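Residue numbers (my numbering): 2 to 239.
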Amino acid sequence: DAKVPELVESALQSLPDAQRFQALVVDEGQDFPDLWWITLEEAFRSDSRDNTGTYYVFYDLDQNIRGVPPELPMLGPPFQLQQNCRNTLRIIDFCRKVSSSPITPMDGTPPGEEPTQERVPDSRSAMAEISRTLSRWLDPAQGNLQRPQIAILTRRSLIEELLLLHSRRNTIFALTGSLAEWRAGSAILITTPNSFKGLEADAVITVNPPDPHTMSPVHHYVCRSRARHLLHMIQIGD
């Protein structure tokens with residue numbers, strides 16, 4: 002909340018006025034604290050400040066992982082974007098269960114496969130279920146997916162444990178926390194819902210912690226809506 006605006010302000014101080022901006026496009030606006038907006042005002046050219054610069058802010062309250070009502074600048078009434086252009090019909094239906102917002106599928110959206118759920122007793126069993134699912138998705142005779150098409154989303158507290166369990170298994174796939182390695186196709190990404198918000202993958206595995214109540218509806222919505230075509234959810238615990 003504090004370090005980012007400090008760095009942005011420092012960078013803007015070295016930017017000549019002519020190289021600053023008349024318009025700013027902001028994505029994930031629901032995550033911006035008040036101090037960020039104050040700093041961004043300095044990104045406008047001197048002739049575009051004092052409410053004369055143009056903002057285009059995209060935000061989704063269903064993805065407000067901070068849990069704090071956003072303090073947006075004075076933008077006028079919002080234009081509601083209700084059409085889903087990412088997910089299959091079955092995944093959209095699954096997202097509706099944790100969202101109160103209207104979600105309209107794009108014309109021609111394929112039905113897709115039903116999201117699947119598996120309950121396991123512990124992290125070791127979760128890693129075994131991940132391995133079975135990935136083996137099926139990567140098999141040329143079955144899913145025929147490539148590594149950059151798949152992501153695993155879980156809480157930060159589980160990532161290190163799952164990576165350690167994975168290192169002890171004899172598998173044909175590697176896992177990574179690096180977006181660069183994932184995009185290069187060298188490994189399958191394992192990361193948190195927060196870090197993956199704003200991104201997407203053709204196939205997503207979610208691993209929920211033992212207490213499902215530790216994940217808010219917002220986190221469940223983010224996890225589910227990241228998957229374009231395939232969604233497999235693993236719940237640890239009874």
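Every residue gets a Cβ at the ideal spot worked out from N, C-alpha and C, and that includes glycine. Note that the structure is predicted; figures quoted are calculated from it, not measured.
Asked                                                                                                                                                             : Found
Shortest alpha-carbon distance to A12 belongs to which of E43, D32, F33?                                                                                          : E43
What does a CB cutoff of less than 6 angstroms around L163 pick up in its chain, not counting 5 residues either side in sequence?                                 : M128
Relative to the alpha-carbon of P194, which residue among N171, A152, E161 has its alpha-carbon at the smallest distance?                                         : A152
My output table needs one value for Y56: the three-state DSSP class, helix, strand or coil.                                                                       : strand
Does N145 pass the burial test, meaning 16 or more other C-beta atoms within 10 Å, or should it be called exposed?                                                : exposed
Around the C-beta of T134, are 16 or more other C-beta atoms found within 10 angstroms, so that it is buried, or is it exposed?                                   : buried
In chain order, which alpha helix (DSSP H) runs of at least 4 residues are fully inside the stretch 42 to 107?                                                    : 90 to 97
Helix, strand or coil: which one does DSSP assign to F197?                                                                                                        : helix
Find the nearest neighbour of R21 within the set V223, L41, V27, A204, judged by alpha-carbon distance.                                                           : L41
Should K198 be labelled buried (16 or more other beta-carbon atoms within 10 Å of its own) or exposed?                                                            : buried
Unbroken beta strand (DSSP E) runs of length 3 or more, entirely within the stretch 127 to 213: which are they?                                                   : 151 to 155, 189 to 192, 202 to 209
Would you tell me roughly how many angstroms separate the C-alpha atoms of Q23 and N209, rounded to the nearest one?                                              : 44 angstroms
Tell me which residues share the same chain as V69 and place their Cβ nearer than 7 angstroms to its Cβ, disregarding the 5 neighbours each side in the sequence. : none
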